[in-house]
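Chemist: In the order they appear, the protein sequences are chains W and C. Sequential numbering from 7 applies to the first sequence in the numbering used here. Sequential numbering from 3 applies to the second sequence in the numbering used here. Each residue gets a CB set at the ideal place from its N, CA and C atoms; glycine is no exception. Please see the structure below; I have some questions.
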Amino acid sequence: MNNFTVEAIELTRLYGGREAVSNVNFTLSKGEVLGFLGPNGAGKSTTMKMLTGNLAPSHGSVKICGIDMIENPKEAKALIGYLPEMRPLYKELTVDEYLTMAARLHRVSAKHIKKAVENAKERCGLTHMSKRLIENLSNGYQQRVGIAQAIIHSPMVVILDEPTVGLDPIQIRDIRTLIREVGTDHSVIISTHILPEVEMVCDQVQIIDKGKLVFNGSIDVLKRQRVGNKLLIGLRNPPAIEEILRISGVSEAESLANGLIRVRYAENAEPAEAIVQAAVQQGWGLHQIAPDQTSLEDVFMQLTYQEQVAV
Amino acid sequence: MIINVARKELKSVFASPMGWVILSLLMFAFGTQYLNAVNDYFAVMSGAMRPAERTGVTQFVGQSVYGLASFIMLFAVPLLSMRLISEERRSQTLPFLFSAPISLTEIVVGKFVGLVAFLSILILFIGAMLSTLNIWADIDFGFLFTNSLGLLLMVAGFSALGIYFSSLTQQPVIAAILTFIALFALMMLDRFFGDDPTNVLGSLSLTRHFQSFASGLIDSADIVYFILFAVTFLTLTVRRLDADRLRG
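Structure (structure tokens):
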């Protein structure tokens, strides 16, 4: 027995011959948060629908805590909490009524329903909205109700499709904390196209493009790819580029349009100190020095672009 | 689990004024018919009729009220059943049910039970209303029972058909119209083929099977007909929803 909470094995979904998702493999362990990244129409939602049993895969299988989704859908679904992209809210009900119903449908025993509802409301900051009709709640609060419905039966796996869409910055922060919190004792899969969000909440990242997994690994790998061996320096009296190249460890230098100079250095070399010393000795007027990070967007672009070139 | 889905349906009917309004309007119609029938009974029976031709008050009033009820259900059921699946499809709430640990059959049967439970409130009320005749006369409760049973079975058949059409479309109104046309056609079959008892099409008619209940007769063939009718359309609905999952 392994400890995987989610296993996707060669998941493929055809829509009239066109592969919306093709041959996606991954596993997720307990206590991990997986971020699903990808441009529009990449197959994020389709994959999530297959994971939750809303859509039958054309090939491949899904296992939740070792239970096959196709063979034992009821047992597998009992372990999942799912918030689809379009919030499935019954707007004519109040928050309490809706959550009670959700708890009942997810087999929370009658004794524990009240507690489960209170708990979910508290975690999502909905306590003061109990008696309000869902219809009359703001977009952000409706989203919270959606999340509350997904965690009400404390499932092993929580799957949230774009959970922070349409929320204000404070709510986004709250929801991210909530996701982290849920992620400590359960597994969470979120999809998003907000890249910094992935960096903040996820342990694992998957980038999917045109139905294919182009990156699958821990967030650290992605972060490392980001940092690169580059420095940005700002000088008030910049010398000729050649002078900078003379500093040991510097392999490349170029002036940028905004007056800064970008310096590349070899792996393992740390020329920062040498640059500062040189700048002080020769009066270059150093006012800024910082590692030059490629944005996550660039990494993302690279990964999805490489794929296009390969095709 | 079926009960939980049924409870959800009942809850959403009564969450808006719609459920209450429909109940009260229909009961108003049945009540008026009841009063008229009682008045008519005295007018008709007091006259020149020979004693052998006279019918009991239960049969006279009962036939009038249950006749109206079966006719009104033809309109009421499509209006109530139209939302069951199409509305969920339109507001994209179906994934909520699909990702809960319940099977498609439980979802469909749950919705069906919810609707039939709502309609049986009406049937119970009609039964209670007619029972009040017992204060003045000695009425035939068996007749009331068969009529109620017949009405319940017929309404169950209507509901199953309504749910099926509701699963075909995203527009509740289209579901209602299709259901109404289909029910009306099934009612009309009796008109065209009723004369020939050997005709297969004629025996598909819903009216013909209700007739025996209406005259106070419980015929197992009719019970089986209504049960098969409901099971057929519920199965088709489950298959339709399963196609969603398979084809997307």
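Output yes if chain C places a C-beta closer than 8 Å to the C-beta of residue 277 of chain W; else output no.
Modeler: Not closer than 8 Å to any Cβ of chain C, the Cβ of residue 277 of chain W fails to qualify, so no.
Chemist: What does residue 279 of chain W pair with, by DSSP beta-bridge criteria?
Modeler: The partner list for residue 279 of chain W (beta bridge, DSSP) is empty, contrary to what the question assumes.
Chemist: From the beta carbon of residue 317 of chain W, is the nearest beta carbon of chain C less than 8 Å away?
Modeler: Since pLDDT at residue 317 of chain W reaches only 45, below the 50 mark, its modelled position is unreliable, and no value is offered.
Chemist: Mind checking residue 149 of chain C: buried by the 16 CB within 10 Å criterion, or exposed?
Modeler: buried
Chemist: Could you check what DSSP says for residue 19 of chain C in three-state terms: helix, strand or coil?
Modeler: helix
Chemist: Hey, how far is the Cα of residue 249 of chain W from the Cα of residue 283 of chain W?
Modeler: Near 13 Å, if we compare the C-alpha coordinates of residue 283 of chain W and residue 249 of chain W.
Chemist: I believe residue 8 of chain C touches residue 115 of chain C by the beta-carbon criterion, under 8 Å. Please report the beta-carbon distance rounded to the nearest angstrom.
Modeler: 4 Å
Chemist: By the three-class DSSP mapping on this structure, what secondary structure does residue 59 of chain W have?
Modeler: coil
Chemist: So is residue 277 of chain W buried or exposed if we call it buried at 16+ other beta carbons inside 10 Å?
Modeler: buried
Chemist: Between the Cα of residue 42 of chain W and the Cα atoms of W:146, W:296, W:168, W:274, which residue gives the shortest distance?
Modeler: Nearest option by C-alpha distance: W:168.
Chemist: Which residues of chain W have a Cβ atom closer than 8 Å to the Cβ of residue 18 of chain C, listed in chain order?
Modeler: 98
Chemist: Closer than 7 Å, Cβ to any Cβ of chain C: which residues of the stretch 37 to 61 of chain W, in chain order?
Modeler: 58, 59, 60, 61
Chemist: Against chain W, does residue 172 of chain C count as a neighbour if the rule is that its beta carbon must be under 8 Å from one of theirs?
Modeler: For residue 172 of chain C, the closest Cβ of chain W is not nearer than 8 Å.
Chemist: Give me, in chain order, the residues of the same chain whose beta-carbon lies closer than 7 Å to that of residue 117 of chain C; leave out the 5 immediate sequence neighbours on both sides.
Modeler: 11, 82, 83, 86, 161
Chemist: Quick check: is the beta carbon of residue 205 of chain C nearer than 8 Å to any beta carbon in chain W?
Modeler: False, the Cβ-Cβ gap to chain W never drops below 8 Å.
Chemist: For residue 137 of chain W, which residues in chain C fall below 7 Å Cβ to Cβ?
Modeler: Simply none; closest approach about 13 Å.
Chemist: What does a CB cutoff of less than 8 Å around residue 99 of chain W pick up in its chain, not counting 5 residues either side in sequence?
Modeler: 107, 139, 140
Chemist: Compare the C-alpha of residue 133 of chain W against each of W:117, W:154, W:116 and name the closest.
Modeler: W:154
Chemist: Would you call the stretch 65 to 83 of chain W and the stretch 88 to 104 of chain C touching, i.e. three or more CB-CB distances under 8 Å?
Modeler: yes
Chemist: Out of W:199, W:206, W:207, W:226, which has the shortest C-alpha to C-alpha gap to residue 213 of chain W?
Modeler: W:199
Chemist: Check the Cβ-Cβ distances between residue 95 of chain C and every residue of chain W, and say whether any is below 8 Å.
Modeler: yes
Chemist: Once you ignore the five residues that flank residue 49 of chain W on each side, which residues in its own chain have a CB closer than 7 Å to its CB?
Modeler: 26, 27, 214, 217
Chemist: What does the alpha-carbon distance come out to for the pair residue 129 of chain W and residue 195 of chain W?
Modeler: A straight line joining the alpha-carbon of residue 129 of chain W with that of residue 195 of chain W spans about 18 Å.
Chemist: Is it true that the stretch 53 to 73 of chain W meets the stretch 236 to 247 of chain W, where meeting means three or more beta-carbon pairs spaced less than 8 Å apart?
Modeler: no
Chemist: Indicate whether at least one CB of chain W lies closer than 8 Å to the CB of residue 102 of chain C.
Modeler: yes
Chemist: Considering only C-alpha positions, which residue in the set W:171, W:159, W:162 is nearest to residue 147 of chain W?
Modeler: W:171
Chemist: Here's the rule I'm using: 16 or more other beta-carbon atoms within 10 Å means buried, otherwise exposed. How should residue 61 of chain W be labelled?
Modeler: buried
Chemist: To the nearest whole angstrom, what separates the beta carbons of residue 163 of chain W and residue 156 of chain W, a pair I think is in contact under 8 Å?
Modeler: No, residue 163 of chain W and residue 156 of chain W are not in contact; Cβ-Cβ is about 10 Å, not under 8 Å.
Chemist: With respect to the beta strand (DSSP E) encompassing residue 198 of chain W, which residues constitute its N-terminal and C-terminal limits?
Modeler: Its beta strand (DSSP E) spans residues 193 to 198.
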